[in-house]
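Asker: Sharing a structure below in structure tokens format, with a few things to ask.
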Amino acid sequence: MRLINWLNALPVYKLLAIRVASACLLAIVITEAVGLQRNYWSVLAIISISISVHAREVLFRSKAVVINTILGCFIGTIAYYLLNLYVPFYVIITVILVLALYTLYFSVVHYAVGVFFSSIFVVMFIGTLSFWDVSLLIARILDIAIGALVILLISSVLKQRNLRERFYMEFSSVYLTHKQIIEMFLMQKAENDKILIIDKENDFDQSGESDESLDKEILRLLIDELALQEKHMVENFINTKTELNKAQINMIKVLLSTMRELMSVYRALLLLDNRQSNQKLLHFCRQKLVMFFDLLKNEYAAFEKMINKLSKK
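First residue of the sequence shown? That's 1 in the UniProt record's numbering, and the numbers climb one at a time after it.
In structure tokens:
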């Protein structure tokens with residue numbers, strides 16, 4: 001158990017290397033014990049699935065590689081026997097070249113479709129060079145299935161723990177940025193109120209426009225930076241989802257929706273100036289700002305409490 005915890009604390013790509021090496025070794029042992037032909041297919045399947053470090057992507061690739069290998073091998077086997085019966089050899093070579101191009105293209109564009117075409121290509125290519133029969137069809141499907149199951153098993157044991165912790169830290173950073181922006185908006189309001197009172201007393205029409213524009217420029221930069229942070233955080237949330245429980249996922253979704261509402265209020269406040277005609281709308285937006293921030297604070301406090309409980313366990 002200590003060894004697993006130590007391994008899980010390693011950097012992402014070191015852990016990935018250990019995970020792939022362990023999975024390949026285990027797959028070779030299993031396929032040799034079963035007596036399957038060409039067990040390097042299991043190794044290739046493991047490498048193909050393990051390109052991503054995220055658990056969600058590994059699960060998706062494992063499903064895709066098994067399902068599309070079965071479909072591709074069956075269709076490829078039928079096509080191989082039919083083409084050999086009715087089509088000249090040069091046409092079969094052309095079909096193989098076209099399949100190779102499709103495999104290369106879809107391997108980059110769409111992983112599942114790439115696996116499908118590569119399975120048909122393998123059947124046609126091996127069959128044309130040497131031979132292809134039902135025993136090879138079964139061997140390929142079993143090899144690929146063993147490779148996919150082994151990498152899933154290893155990934156469930158050796159999984160990146162600090163990925164989730166990093167997401168929590170990122171979430172905390174986004175929350176603090178929201179807090180900073182709201183404090184700036186509220187400070188700006190207090191300063192503008194003071195300026196308006198002084199202007200009324202002195203019958204002066206100017207209301208610190210240069211200072212206001214400077215504040216707005218700083219706020220605009222902060223909000224743009226926050227938008228990028230939130231985008232990156234949502235991407236990480238999608239990848240970390242499989243490592244979170246239902247309560248955490250729901251809590252994060254609620255927090256994200258509150259943050260989106262706050263972003264729309266920020267944008268509205270940036271568009272409005274301090275003209276008399278805008279005062280009611282400004283007051284309404286600031287009320288919403290305070291209301292949503294109170295909501296965000298309560299939700300974030302509940303989220304922190306939940307994380308602390310889980311870390312104590």
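Glycine residues also receive a C-beta, built at the ideal position from the N, C-alpha and C atoms.
Predicted model only: the values in this text are computed from it and were never measured.
Starting from residue 248 and walking both ways along the alpha helix (DSSP H), at which residues does that stretch end?
Answerer: The residue given as residue 248 occupies position 248 in the sequence shown. Residues 246–271.
Asker: Determine, using beta carbons only, whether residue 316 and residue 64 come nearer to each other than 8 angstroms.
Answerer: Examination of residue 316 is not possible in this model, given that the chain is present from 1 through 313 alone.
Asker: What three-state label does DSSP hand residue 110 in the structure shown?
Answerer: Against the sequence shown, residue 110 aligns to sequence position 110. If DSSP states are grouped into helix, strand and coil, residue 110 belongs with coil.
Asker: Quick check: the Cα distance between residue 118 and residue 99, rounded to an integer number of angstroms?
Answerer: Counted from its first residue, the sequence shown places residue 118 at position 118. Counted from its first residue, the sequence shown places residue 99 at position 99. Going from the Cα of residue 118 to the Cα of residue 99 covers about 7 angstroms.
Asker: Could you check how far apart the C-beta atoms of residue 247 and residue 306 are, in whole angstroms? I think they sit under 8 angstroms.
Answerer: Residue mapping note: residue 247 aligns to position 247 of the sequence shown, counting from 1. Residue mapping note: residue 306 aligns to position 306 of the sequence shown, counting from 1. Yes, they are in contact, since the Cβ atoms of residue 247 and residue 306 sit about 7 angstroms apart, within 8 angstroms.
Asker: Does DSSP put residue 37 in a helix, a strand or coil?
Answerer: Here residue 37 refers to the residue found at position 37 when the sequence shown is read from its first residue. It is coil, neither helix nor strand.
Asker: DSSP three-state call for residue 153: helix, strand or coil?
Answerer: Position 153 of the sequence shown, counted from the start, is the residue given in the question as residue 153. Helix, per DSSP.
Asker: Under 8 angstroms Cβ to Cβ from residue 222, same chain only, skipping five residues before and after it: list those, please.
Answerer: To locate residue 222, count along the sequence shown from 1; it is residue 222. Excluding positions up to five away in sequence, the list reads 177, 180, 181, 184.
Asker: Kindly list the residues whose CB is nearer than 6 angstroms to the CB of residue 295, restricted to its own chain and excluding five residues on each side of it in sequence; keep chain order.
Answerer: Position 295 of the sequence shown, counting from 1, holds the residue named residue 295. Correct list, in chain order: 258.
Asker: Could you give the distance in angstroms between the alpha-carbon of residue 58 and the alpha-carbon of residue 50?
Answerer: What you label residue 58 is simply residue 58 of the sequence shown in a count that begins at 1. What you label residue 50 is simply residue 50 of the sequence shown in a count that begins at 1. Rounded to the nearest angstrom, the two C-alpha atoms are 6 angstroms apart.
Asker: Starting from the Cα of residue 104, find the closest Cα among 229, 91, 122, 266 and give me that residue.
Answerer: Translated into the one-based positions of the sequence shown, residue 104 becomes position 104. Looking at the Cα atoms, 122 is the closest of the given residues.
Asker: Excluding the 5 residues flanking residue 20 on each side, which residues of the same chain have their C-beta closer than 7 angstroms to its C-beta?
Answerer: In the sequence shown, the residue the question calls residue 20 occupies position 20. Excluding positions up to five away in sequence, the list reads 46, 47, 50.
Asker: Any heavy atom of the ligand GDP closer than 7 angstroms to the CB of residue 145?
Answerer: Inclusion of the ligand GDP in the displayed structure is not the case, the ligand content being empty and no account of it being possible.
Asker: Using three-state DSSP, classify residue 50 as helix, strand or coil.
Answerer: Residue mapping note: residue 50 aligns to position 50 of the sequence shown, counting from 1. In the structure shown, residue 50 sits in coil (DSSP, three-state: anything other than H, G, I, E or B).
Asker: Smallest Cα separation from residue 299: which of 279, 251, 309?
Answerer: Here the question's residue 299 lines up with position 299 in the sequence shown. Closest by alpha carbon: 251.
Asker: Could you spell out the range, first to last residue, of the alpha helix (DSSP H) harbouring residue 63?
Answerer: Residue mapping note: residue 63 aligns to position 63 of the sequence shown, counting from 1. Residues 55–86.
Asker: Between residue 77 and residue 141, is the Cβ-Cβ spacing less than 8 angstroms?
Answerer: As a first step, residue 77 is located in the sequence shown; it is residue number 77 there, counting from the start. As a first step, residue 141 is located in the sequence shown; it is residue number 141 there, counting from the start. Cβ atoms of residue 77 and residue 141: not closer than 8 angstroms.
Asker: Thinking C-alpha only, which one of 158, 60, 124 is nearest residue 97?
Answerer: As a working mapping, residue 97 is identified with position 97 in the sequence shown. Nearest C-alpha to residue 97: 124.
Asker: Alpha carbon to alpha carbon, how far is residue 44 from residue 14? Give it in angstroms, no decimals.
Answerer: Reading the sequence shown from its first residue, position 14 is the one you call residue 14. Reading the sequence shown from its first residue, position 44 is the one you call residue 44. Near 19 angstroms, if we compare the C-alpha coordinates of residue 44 and residue 14.
Asker: For residue 304, which residues in the same chain have their Cβ closer than 7 angstroms to its Cβ, ignoring the five residues on either side in sequence?
Answerer: The residue labelled residue 304 in the question sits at position 304 within the sequence shown. Within the same chain, residue 304 has no close Cβ partners at all.
Asker: Measuring only the C-alpha atoms, how far is residue 165 from residue 238?
Answerer: Taking the first residue of the sequence shown as 1, we reach residue 165 at position 165. Taking the first residue of the sequence shown as 1, we reach residue 238 at position 238. Rounded to the nearest angstrom, the two C-alpha atoms are 14 angstroms apart.
Asker: Can you tell me the Cβ-Cβ gap for residue 143 and residue 39, rounded? I've got them flagged as a contact below 8 angstroms.
Answerer: On the sequence shown, residue 143 is found 143 positions in, with the first residue counted as 1. On the sequence shown, residue 39 is found 39 positions in, with the first residue counted as 1. With 8 angstroms as the limit, residue 143 and residue 39 qualify as a contact, their Cβ atoms being about 6 angstroms apart.
Asker: Which word fits residue 287, buried or exposed, when buried means at least 16 other C-beta atoms lie within 10 angstroms of its C-beta?
Answerer: Walking along the sequence shown from the start, residue 287 turns up at place 287. Residue 287 comes out exposed.
Asker: Apart from the five residues on each side of it in sequence, which residues of its chain come closer than 7 angstroms, Cβ to Cβ, to residue 148?
Answerer: The residue labelled residue 148 in the question sits at position 148 within the sequence shown. Result list for residue 148: 45, 49, 62, 65, 66, in chain order.
Asker: Between the Cα of residue 120 and the Cα atoms of 86, 80, 151, which residue gives the shortest distance?
Answerer: Taking the first residue of the sequence shown as 1, we reach residue 120 at position 120. It is 80.
Asker: For residue 36, which residues in the same chain have their Cβ closer than 7 angstroms to its Cβ, ignoring the five residues on either side in sequence?
Answerer: Looking up residue 36 in the sequence shown gives position 36. Cβ neighbours of residue 36 beyond the five flanking positions: 139, 142, 143.
Asker: How many angstroms separate the CA atom of residue 55 from the CA atom of residue 155?
Answerer: If you number the sequence shown from 1, residue 55 lands on position 55. If you number the sequence shown from 1, residue 155 lands on position 155. Their Cα atoms are separated by approximately 7 angstroms.
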